[in-house]
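Novice: One rule links them: number in the numbering used here = place in the sequence shown (from 1) + 398. Ideal Cβ positions, reconstructed from N, Cα and C, are used throughout, including at glycine.
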Amino acid sequence: MIRIPRPSPSLVPSLKAFQPSSSILRKGYASSSSHTLSPASVVTTLPNKVRVSTEALPGHFHAVGVYVDAGSRFESQRTSGISHLLDRLAFKSTDKHSDEEMTRLIDSLGSQVTCSSSRETIMYQSTVFPESLPLALELISSTIRHPLLLPEEILAQKEAASYEIREIWNKPELILPEIFHTVAFQNNTLGMPLLCPESQLPKLGEQEVRGFMSDWYKPERIVVAGIGMPHDQLVELSQKFFGDIQPSTSTSSSSTLHTPIQQPQTPLGSKSFATVSNVAAPSDYDGLVNAKAVYTGGEYYVENPEDKLVHIHIGFEGLGIHDPDIYALATLQTLLGGGGSFSAGGPGKGMYTRLYTKVLNQHYSVDYCAGFHHCYADSGLFGIAASVYPEFAPRIVDVIAGQLHSLTGQMFGGIEQKEFLRAKNMLKSTLVMALESKLTAVEDLGRQVQIHGHKVPVEEMCAKIDELTLEDLWRTANRVLRPASSSSRLNYGLGSGKATIVAQGPNLRALGDVKRTLKDRWGLGL
């Protein structure tokens with residue numbers, strides 16, 4: 399059974415190195431050696447295994463983030479939605495600051511302080527003036543380690559989450575990618591919903607939140623990353639705020655992360671989903687920490703007569719971040735490009751990408767068409783999404799399939815040399831220009847240290863893109879789109895090789911048998 403995070407039916411309408419100073423090493427703040435990454439990056443591991451990484455980018459402000467190796471892929475059926483709720487509960491009352499004081503202190507920073515959850519990480523980030531760095535990291539530490547999780551705060555955030563779910567379900571461009579993941583990885587890891595299912599709200603309370611944090615907020619799963627500040631400074635601050643978290647002695651034991659649990663009383667007259675368990679939550683850590691993503695594929699259709707457009711996502715299992723062909727697949731997605739039927743145009747807007755020139759510019763009933771590529775630690779997703787007027791629904795599956803088919807070899811329409819070079823240049827420029835933002839750069843640093851244990855220099859990434867050949871792209875396209883024709887297994891070879899199809903809109907029967915069209919007419923998938 400596919401669990402879709404939808405609200406109740408009544409709510410849904412029909413991307414010069416430093417070495418730590420000898421003084422810091424003498425203090426015992428860091429491990430005896432630090433791993434030098436690139437001319438501007440360094441990683442230091444604290445005695446309790448918290449990793450601290452910085453990059454020396456000069457400027458008038460710093461960016462800092464704390465990245466926890468947690469997220470919705472580490473949720474079970476019992477804890478589904480916890481990451482979403484944790485996101486919303488960040489920077490509320492702690493044992494040191496009330497909710498009002500926390501808000502006042504964040505305002506005094508004159509900067510951004512945010513928390514966001516994803517499938518593979520929960521991120522606490524801030525951009526601050528240099529003099530405010532200690533306060534920003536103290537506030538992040540406080541909300542991670544010492545949240546009070548007051549019943550009235552949990553209730554308020556559950557109500558906000560319920561409203562958020564309803565709003566997202568009214569926006570196909572937001573909910574369909576979420577449903578697509580749920581269908582592609584049914585009931586496991588990457589398929590666990592990012593949005594808390596409404597049916598889960600009554601089941602989640604303080605005990606469940608603290609149990610999840612005790613399971614996953616372990617020092618060896620925490621990375622503190624910073625852009626702009628001296629490495630020694632961030633190591634010292636990290637030792638101050640995170641260095642006393644005790645590493646776990648067994649897979650299921652809790653580290654001393656936060657204050658002892660105080661069982662709240664449910665406020666009189668509160669909604670039913672404000673209730674919390676008065677029994678300590680069991681641990682899911684042992685069963686999920688090494689769980690591999692299992693791609694299943696599948697179909698899911700949401701008939702909605704009130705939609706003016708038919709929205710459809712067609713895709714296949716992509717590649718994990720460690721796969722050597724990941725650069726080829728990213729280039730294929732850039733080559734596909736695409737976007738909306740209206741664009742202001744101009745250089746660098748991608749107007750010469752394949753889905754603009756061969757779909758949007760030729761079929762006026764197509765309102766939106768773009769390639770997508772989601773990449774995770776051990777799997778991914780690759781495909782095309784489109785929104786069309788209902789009269790074009792019978793043709794859109796063949797249009798999408800034809801564009802995917804053309805990526806698999808020269809005899810099928812192939813890839814011209816000029817568009818191949820353009821796609822490589824566009825991918826490199828997108829990568830480099832994104833890192834001009836310090837907030838993007840600190841997230842990239844933190845996530846890479848989480849996944850690789852070090853920062854892959856952008857020069858190395860660009861060199862790998864430059865080395866690609868057309869044959870690399872065709873081979874990679876066949877690995878993904880025609881797995882039976884390739885001897886190279888995807889990821890761990892656990893996937894089904896089938897297509898994933900998700901659609902929403904009026905008269906979806908006009909799409910026909912999508913799976914059969916892909917497989918029998920175009921030879922895509924298994």
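Helix or strand or just coil, what does DSSP make of G800?
Specialist: helix
Novice: For the alpha helix (DSSP H) that contains T580, what are its first and last residues?
Specialist: Its alpha helix (DSSP H) spans residues 570-582.
Novice: Buried or exposed for N925, going by 16 or more other Cβ atoms inside 10 Å?
Specialist: Look at the range of the chain in this structure, 399 to 924, and you will see that residue 925 is not part of it.
Novice: Tell me the DSSP bridge mates of E453?
Specialist: S439, I625
Novice: Would you kindly report the start and end of the unbroken alpha helix (DSSP H) that includes H482?
Specialist: 480-487
Novice: How about the segment 568-578 and the segment 681-688: do they share at least three Cβ pairs that are nearer than 8 Å?
Specialist: no
Novice: Using 10 angstroms around the beta-carbon of H629, count the other beta-carbons present and answer buried if the total reaches 16, otherwise exposed.
Specialist: Under a 10 Å Cβ-count criterion, H629 is classified as buried, with 16 or more other Cβ atoms of the shown protein chains found around its own Cβ.
Novice: Do you know offhand how far R914's Cα is from A799's?
Specialist: So the two alpha carbons sit approximately 11 Å from each other.
Novice: Report the rounded CA-to-CA distance for Y750 versus L866, giving the unit in angstroms.
Specialist: 20 Å
Novice: From the DSSP output, which residues share a beta bridge with M521?
Specialist: DSSP lists Y465, S514 as partners of M521.
Novice: Please confirm whether L880 and Q801 have their CB atoms less than 9 Å apart.
Specialist: Rather than Leu, the amino acid found at residue 880 in this sequence is Arg. Not a contact, by the Cβ cut-off of 9 Å.
Novice: Report all residues from its chain with a CB closer than 6 Å to the CB of A791; omit the five preceding and five following residues, and keep chain order.
Specialist: V708, A908, L909
Novice: Counting Cβ pairs, one atom from each stretch, are 3 or more of them under 8 Å apart for the segment 847-866 and the segment 480-492?
Specialist: no
Novice: What residue does the alpha helix (DSSP H) around Q902 start on, and which one ends it?
Specialist: Here Q902 belongs to no alpha helix (DSSP H); instead the beta strand (DSSP E) covers 898-903.
Novice: Below 8 Å, how does it come out for the segment 601-614 and the segment 460-480: are there three or more Cβ pairs, yes or no?
Specialist: yes
Novice: Residues in its own chain within less than 6 Å of L906 by CB, not counting five upstream and five downstream?
Specialist: Answer for L906: Y699, E701, listed in chain order.
Novice: Look at L825 and A691 and say whether their C-beta atoms are less than 9 Å apart.
Specialist: no
Novice: Would F583 pass as a contact of S777 if the rule is Cβ separation under 9 Å?
Specialist: Cβ distance < 9 Å, so F583 and S777 count as in contact.
Novice: Does the Cβ-Cβ distance between I899 and I782 come in under 9 Å?
Specialist: no
Novice: Can you pull the DSSP bridge partners for A775?
Specialist: As DSSP reads the structure, A775 sits in no beta bridge.
Novice: So, with DSSP's three-state summary, where would you put T492?
Specialist: Of the three classes helix, strand and coil, the one that applies to T492 here is strand, per DSSP.
Novice: Mind checking D918: buried by the 16 CB within 10 Å criterion, or exposed?
Specialist: exposed
Novice: With a cut-off of 8 Å on the beta carbons, I'd call R396 and L592 a contact; round off their distance for me.
Specialist: There is no way to answer for residue 396, as the model of the chain reaches only from 399 to 924.
Novice: With a floor of 4 residues, list each alpha helix (DSSP H) that falls wholly inside the segment 580-619, ordered by position along the chain.
Specialist: 604-614, all fully within the segment 580-619.
Novice: Just how far apart, CA to CA, sit F740 and A438?
Specialist: 41 Å
Novice: Which residue comes first and which comes last in the alpha helix (DSSP H) that contains F818?
Specialist: 815-832
Novice: What is the rounded straight-line gap between the Cα of F578 and the Cα of R543?
Specialist: 34 Å
Novice: Along the beta strand (DSSP E) that carries E701, what are the first and last residues, could you check?
Specialist: 696-701
Novice: Nearest-angstrom Cα distance between V622 and G718?
Specialist: 24 Å
Novice: Looking only at DSSP bridge pairs, what is E715 linked to?
Specialist: L779
Novice: By alpha-carbon positions, which one of F489, S515, S514, C513 ends up nearest to L503?
Specialist: F489
Novice: Would you mind giving the Cβ-Cβ distance between Q510 and T525, rounded to the nearest angstrom? I have them listed as a contact below 8 Å.
Specialist: 5 Å
Novice: Rounded C-beta distance between E606 and L733? I'm assuming under 8 Å.
Specialist: Not a contact, Cβ separation roughly 44 Å.
Novice: With contact counted as at least three CB pairs below 8 Å, one residue from each stretch, are the segment 438-457 and the segment 555-573 in contact?
Specialist: No, the segment 438-457 is not in contact with the segment 555-573.
Novice: Thinking just about the alpha-carbon of each residue, which of V786, Y774, A901 is nearest to the one in G737?
Specialist: V786
Novice: DSSP three-state label for S470, please.
Specialist: helix
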